[in-house]
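Data first, discussion second: the structure below is written as structure tokens.
6 protein chains.
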Amino acid sequence: MFLHNKQLIQPVNVGKPDARFGTYLLEQFGGATGELTAALQYWVQSFHVEDAGIRDMLQDIAIEEFSHLEMVGKLIAQHTSKLDQTKVYDAPLFKIKGGGPHFLDSQGSCWTAAYINEGGNVVRDLRANVAAEAGARQTYEALIHACEDEGTKKTLHHLLTREITHARMFMKALDSLGKLDDPFFGTIPPDDTVKLVFNLSKGEDVRGPWNEAPDFEYIANPEPEGGMPPAPINPDDEHAAPNGKAPGGKGKARSHA
Amino acid sequence: MFLHNKQLIQPVNVGKPDARFGTYLLEQFGGATGELTAALQYWVQSFHVEDAGIRDMLQDIAIEEFSHLEMVGKLIAQHTSKLDQTKVYDAPLFKIKGGGPHFLDSQGSCWTAAYINEGGNVVRDLRANVAAEAGARQTYEALIHACEDEGTKKTLHHLLTREITHARMFMKALDSLGKLDDPFFGTIPPDDTVKLVFNLSKGEDVRGPWNEAPDFEYIANPEPEGGMPPAPINPDDEHAAPNGKAPGGKGKARSHA
Amino acid sequence: MFLHNKQLIQPVNVGKPDARFGTYLLEQFGGATGELTAALQYWVQSFHVEDAGIRDMLQDIAIEEFSHLEMVGKLIAQHTSKLDQTKVYDAPLFKIKGGGPHFLDSQGSCWTAAYINEGGNVVRDLRANVAAEAGARQTYEALIHACEDEGTKKTLHHLLTREITHARMFMKALDSLGKLDDPFFGTIPPDDTVKLVFNLSKGEDVRGPWNEAPDFEYIANPEPEGGMPPAPINPDDEHAAPNGKAPGGKGKARSHA
Amino acid sequence: MFLHNKQLIQPVNVGKPDARFGTYLLEQFGGATGELTAALQYWVQSFHVEDAGIRDMLQDIAIEEFSHLEMVGKLIAQHTSKLDQTKVYDAPLFKIKGGGPHFLDSQGSCWTAAYINEGGNVVRDLRANVAAEAGARQTYEALIHACEDEGTKKTLHHLLTREITHARMFMKALDSLGKLDDPFFGTIPPDDTVKLVFNLSKGEDVRGPWNEAPDFEYIANPEPEGGMPPAPINPDDEHAAPNGKAPGGKGKARSHA
Amino acid sequence: MFLHNKQLIQPVNVGKPDARFGTYLLEQFGGATGELTAALQYWVQSFHVEDAGIRDMLQDIAIEEFSHLEMVGKLIAQHTSKLDQTKVYDAPLFKIKGGGPHFLDSQGSCWTAAYINEGGNVVRDLRANVAAEAGARQTYEALIHACEDEGTKKTLHHLLTREITHARMFMKALDSLGKLDDPFFGTIPPDDTVKLVFNLSKGEDVRGPWNEAPDFEYIANPEPEGGMPPAPINPDDEHAAPNGKAPGGKGKARSHA
Amino acid sequence: MFLHNKQLIQPVNVGKPDARFGTYLLEQFGGATGELTAALQYWVQSFHVEDAGIRDMLQDIAIEEFSHLEMVGKLIAQHTSKLDQTKVYDAPLFKIKGGGPHFLDSQGSCWTAAYINEGGNVVRDLRANVAAEAGARQTYEALIHACEDEGTKKTLHHLLTREITHARMFMKALDSLGKLDDPFFGTIPPDDTVKLVFNLSKGEDVRGPWNEAPDFEYIANPEPEGGMPPAPINPDDEHAAPNGKAPGGKGKARSHA
């Protein structure tokens, strides 16, 4: 059961409303790296994660992200509070669609659940969450660099901070499962190609710990090992006349190299 | 510059074509966790990553993922090679849209770049990649469990294995940057709330290393610290008459609690 | 600020898990008429609605819809709780993507904010909400008719009931603004065509109170009153040679009827 | 059967072409509240509505909306008729994609059928239509406020007017079914919670006719009545090693297969 | 101005309603190759095409496609006319969303304007239309092969026929511009690489008229001619500390191959 | 199996970086007419095309398009290489999402596989490809007209040229099948309406070779030949009480015209 307190979890005080900046802020309200993505991703994971502790953590953080979504929404509401003094060219999204937040990103694209990464395994979920936090943090940094209002910056700084906190929590949870630095999870062990690294992009190759012995075996000149696949034996158009012999066809005339 | 060898990087041999199973395989061709997502995500990152070694790694793995996308496509092509003997109800996607792979997921939804997670910082990118590999591995495991054809399973097992390899490579790259177990990156240090954990989902709370001292400070009963946000001072409809006084309005009659 | 209590707002007790039915239930979790749409629509409206009472109502109902989203999620979680005993063909969505709810509809399409209808005016918002409730109620009725589990039906019946309650609340709010039965709102009065009804679909015409005097003036045989629009005077391809005179062109030869 | 007369249903005369304003006009051509949404929504409803009169009304209005879509398209065509004198930065959408209308909104997002609200019941459909008209009217008002060309304004004013007419028609149709002010429809009566209103958003609560007796019973402090839901009993990853044994677990206790 | 006659342009008589087949028919109502795509594509082109004859042709065909969309809708309406006797598992889309047509494809995905191909030049438009007709024809053939109802087949056969007619019309229009067999159009002549064909996919190469002299010059072993592109000189994260030297970093240690 | 050479297939040298122009270039990286669409469309076709020569051609061109995608990506990377000197308002997409290419179009919309046109028949595929090349060429022309940097123009000119080359190759392949100027393909012959052209858009009709004898039979005043379709006999809401008689209904009162 959800509950709501009209007071904010942390303060939001915009000094100088700027509808243009409000447009950029949408990235964290209805964008890929935004608070809605985070809140819904962690919360939906909690339905299938069986570990009670991790499930509780996911719910705690999800609820905080909803509270952050509210803060970002309030930032946008304040930045569009003087919309009548804004030229349409400077903030067409709000002038046409109305002031305040919308579930769109800074480019006006609708939020989509395709942004969410979850399902089937707690390790997969937690890794997705570490990635989500990194994306959110990155966008907050970009917004802070683009921001000229101190009050807004202070709020964005807090939100950036919390993404670091959450990332640390997810890392701790992964570590408790022994999966922070172990790529394996699940029940199917890898086959014997697990150590091979293929140098498939040639020229100015640079080596590093991600392709060096003893962890990896570097294949400098990989060869195709799969042979030629069979040609399609049942053409898509199952009822088609042979190509080139269809009514009106001029026939085909080609030679093999 | 891209090059292609018509031979496959690893073998694909389907014993018994099954167009229904072909439908499920689409998840790894045109689905969220599929090879197209991986190939394009790693490759597009390589354009903005400045570290030459990590850039090379991203390109090497991206090219392998394109080669894996080809393998999944060949699996689907073989599984739909007897489509004329399949009832439409069993595989409507292929019967209506044609045999062979399409850039759709197992539910028939178009692939979208919204699946891709990248941008602005190499640490963010690498974390996104560890998550992408976990998602891909998870789907391969689900497909293997659902698969009855040994030849198909062998190919899927190889593809699952390679996701583990790539995950290990991305972890090594993160570790080389000191960022595998450090949630911080970028240039903006966190504020002083970075250690707080808020217990926002109440009831049957379970503690764990992700919310315990000394790394974290647990707030068992969080209070709103942001106060009441200001009400909208510039209504969306900037030219609107005051609500309830619009032409034809019956007026409003309400009391405050 | 959001808060969460792990206890449900109302009970969810599935008697006989059925992953196939779980697929249909997704329509109310991640579908167009589902609880996420309702929750986010009402809540995002609350940021720009200036009437404190209606804003409070929107937030109250939004929070209840989040709590209902949780209930639907729990229904789905229970219906997929025996997924290991389900054949992939019966519930491919869960078998491939994992058990429990996802932000997809019953056809596997991602939830999109394009489902949300809001912006710019409280009357527009409230009308959108009456419509949203009608859609949600309709889907619950369809689900109840398709459902064979009594426990599930009971929960769905409650959720259907609440959509009626909310619809009544939105109607009351519209009525308090004098806008339940008055099509006009905003500041721009209609022009003098406001009473005209055009019979543009001919044959077996049926009249009714929606096109009868004195409220309406019925135009049985409408004529175009706009004349011929000017032809494009600046072709799209602004640098194009005149059509038919491009290099290699055979010229054009056509007559006017 | 559709027919078309090249003359417009109402005049379109743009005084001073402005490709920037053309961009905003796209909102009513290929946007959520635009004429395509209205035309297709009403028309598709006509296929399943059994009441011959309401079906005829839906078709009449749908055809008018198609004619309005044409008018908006002509507005855009005229506003982009001097595109060769426009700087790319002022109207990149048209400069890159070509002049004239496209099925995109003012932010460049593709029109999607997710904007349409219809299905299964005539009351639901009519309520969706009242909402659609309100959205369309609201956008026309925003466009008129942003418009500096008198000829364009005159056309937009007519289009705004017709949305009011249609809204009135849909209201009359709802009223003829007794459903304009009655939230109930369909065959399943509500359960005994239908009068309850839950105060789930706390602080500065404001009461109004939408939550007052005798129509409603206000629950000032709602409690969860659903109890704790069962934990997932069948983990997503049905073959996974038991996660679930790690409540609060700090260490890792699992081995690789 | 649009007009509508409730009589159909051609007959629709379904002998034996089958909601499952109705699902497949959606591909031509709300799918990529469906009648809505065709109608809207040709019609929207007519706004920017300056040749009055071709513009008239586009409008004539567009209106016919709207009339065909109506026919497909009526087919679906009839196939779902006994939905109460259909099990939900056989036609979940209609059972959950309601009978009759919806703007979805056979997989339940919303129609999107991304299916439309048009803009900026009449030759480009006409080529897009030849392609659209080919796609539509292909899907009708697939539907006819999957269909067991003679009445439905007869209607589908007519619709397939008309796609051939339209394709011929578009070909004639292209030919009148000299562009049916001339790849060039527009105002920018090609550079001197226009005859080169690169053999970039190696193995079992097959030659044909599309890569043979004198029209083409075949490059059997293409080499990269673009050299190494410069590395990113301004990292994405413009304010980032040098990689590996960020706070907490362990430094990087890698060698060049 | 894919391979990659870090050298570019053709040179990319941007003289003066301009992040605004970089935004427009995205149209050919992640837009509808862009290189990703071309590469994936041709390549996915190669899985179901049975003609070995055409399959090889599709793969050769697909690989070149991937190499062109790389070139466009490098253009964008260079145009955003001085992003720290760019104001956010001039290039918000890159400032918020990071420099370098993304799989978005010039309006910030995610690339979607809905742009791809393929399936089921080689003639359909080749026609789709001729159309795809025309769209790509058109966008390159628009970009060249909007471009002020000579180095960028030179690269764009090469890319435009190659679209012409590919179009010629696809035309040759169609011609080898006798299908360049023959609208028919597949196995189902047209019915006897194949020569009819319906004048459905009235007023200022213009005739041309696309509707003249002997190829076509022009119907100046088409009549509906399909008669009235049956009304829905099984209302959507299969369990609904008759309209107007639902609980609370006021009854219906309407007369037939």
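From first to last, the protein sequence lines stand for chains A, B, C, D, E and F. Going by the numbering used here, the first sequence opens with residue 1, and the numbers climb by one from there. Going by the numbering used here, the second sequence opens with residue 1, and the numbers climb by one from there. Going by the numbering used here, the third sequence opens with residue 1, and the numbers climb by one from there. Going by the numbering used here, the fourth sequence opens with residue 1, and the numbers climb by one from there. Going by the numbering used here, the fifth sequence opens with residue 1, and the numbers climb by one from there. Going by the numbering used here, the sixth sequence opens with residue 1, and the numbers climb by one from there. Beta carbons are placed, not taken as given, at the ideal position from N, Cα and C, and that holds for glycine.
Reduced DSSP secondary structure (H/G/I, E/B, other) of residue i
| i | result |
| --- | --- |
| Lys202 of chain D | strand |
| Val12 of chain C | coil |
| Ile219 of chain A | strand |
| Leu79 of chain E | In the sequence on display, residue 79 of chain E carries His and not Leu. Looking at His79 of chain E - three-state DSSP - the assignment turns out to be helix. |
| Phe185 of chain A | coil |
| Lys245 of chain B | Since pLDDT at Lys245 of chain B reaches only 36, below the 50 mark, its modelled position is unreliable, and no value is offered. |
| Gly119 of chain D | coil |
| Glu93 of chain C | It should be pointed out that residue 93 of chain C corresponds to Leu in this sequence rather than to Glu. DSSP places Leu93 of chain C in helix when its eight states are reduced to three. |
| Thr112 of chain A | strand |
| Asn211 of chain D | coil |
| Leu159 of chain D | helix |
| Val197 of chain E | strand |
| Phe103 of chain D | coil |
| Leu177 of chain C | coil |
| Phe2 of chain B | strand |
| Gly227 of chain E | strand |
| Thr86 of chain D | coil |
Sequence-distant residues of its chain with Cβ nearer than 6 angstroms to residue i (five each side left out)
| i | result |
| --- | --- |
| Ala62 of chain D | Ala39, Tyr42 and Trp43 |
| Tyr115 of chain A | Ala32 and Thr37 |
| Leu159 of chain C | His68 and Tyr140 |
Beta-carbon neighbours of residue i, restricted to chain E and to distances below 8 angstroms
| i | result |
| --- | --- |
| Leu200 of chain C | Phe2, Leu3 and His4 |
Contact set between residue i and chain A, taken where Cβ atoms lie within less than 7 angstroms
| i | result |
| --- | --- |
| Tyr115 of chain B | Ala114 |
8 angstroms Cβ cut-off: residues of chain C touching residue i
| i | result |
| --- | --- |
| Glu27 of chain D | None at all; the shortest Cβ gap to chain C is about 11 angstroms. |
Residues near residue i by beta carbon distance below 7 angstroms, same chain, minus five either side
| i | result |
| --- | --- |
| Leu196 of chain E | Glu217 and Ile219 |
| Asp125 of chain C | Gln45, Val49 and Glu118 |
| Glu65 of chain A | Glu35, Ala38, Ala39 and Tyr42 |
| Leu8 of chain D | Glu70, Met71 and Lys74 |
| Gly15 of chain F | Asp149, Glu150 and Gly151 |
Where residue i meets chain D, residues with beta-carbon distance less than 7 angstroms
| i | result |
| --- | --- |
| Gly108 of chain A | Gln107, Gly108 and Ser109 |
Near the ligand SAH: residue i beta-carbon under 7 angstroms from a heavy atom
| i | result |
| --- | --- |
| Pro17 of chain C | In the structure shown, the ligand SAH is absent, as is every other ligand, since no ligand is present at all. |
8 angstroms Cβ cut-off: residues of chain A touching residue i
| i | result |
| --- | --- |
| Gly120 of chain C | Lys97, Gly98 and Gly99 |
9 angstroms Cβ cut-off: residues of chain B touching residue i
| i | result |
| --- | --- |
| Leu196 of chain A | Arg162 and Thr165 |
Within chain B, partners of residue i - CB distance below 7 angstroms
| i | result |
| --- | --- |
| His79 of chain F | What His79 of chain F touches in chain B: nothing, since even the nearest Cβ is about 12 angstroms away. |
Proximal chain B residues relative to residue i, where beta-carbon distance stays under 8 angstroms
| i | result |
| --- | --- |
| Met89 of chain C | The displayed chain sequence assigns Tyr, not Met, to residue 89 of chain C. Those within 8 angstroms of Tyr89 of chain C in chain B are Arg20. |
Chain D residues whose Cβ lies nearer than 9 angstroms to that of residue i
| i | result |
| --- | --- |
| Ser67 of chain E | Met1, Phe2 and Leu3 |
- State whether the stretch 14-28 of chain A contacts the stretch 40-55 of chain A, with contact taken as three or more CB pairs (one from each stretch) at a distance under 8 angstroms. Contact between the stretch 14-28 of chain A and the stretch 40-55 of chain A is absent, because fewer than three Cβ pairs lie under 8 angstroms.
- Task: Report yes or no: do the stretch 194-212 of chain E and the stretch 48-68 of chain F share at least 3 C-beta pairs separated by less than 8 angstroms?
- Result: Taking 8 angstroms as the limit for Cβ pairs, the verdict is that the stretch 48-68 of chain F does touch the stretch 194-212 of chain E.
- Message: Would you call the stretch 132-149 of chain C in contact with the stretch 136-146 of chain D, where contact means no fewer than 3 C-beta pairs closer than 8 angstroms?
- Response: Counting Cβ pairs under 8 angstroms, fewer than three are found: no touch.
- Task: Only counting runs of 4 or more residues, tell me where the alpha helix (DSSP H) segments fall wholly within the stretch 34-80 of chain B, in order along the chain.
- Result: The qualifying runs are 35-45 and 52-79.
- Item | chain I contacts from the stretch 19-51 of chain D (Cβ-Cβ distance under 9 angstroms) | Looking at the structure shown, chain I is missing, and the protein chains on hand are A, B, C, D, E and F.
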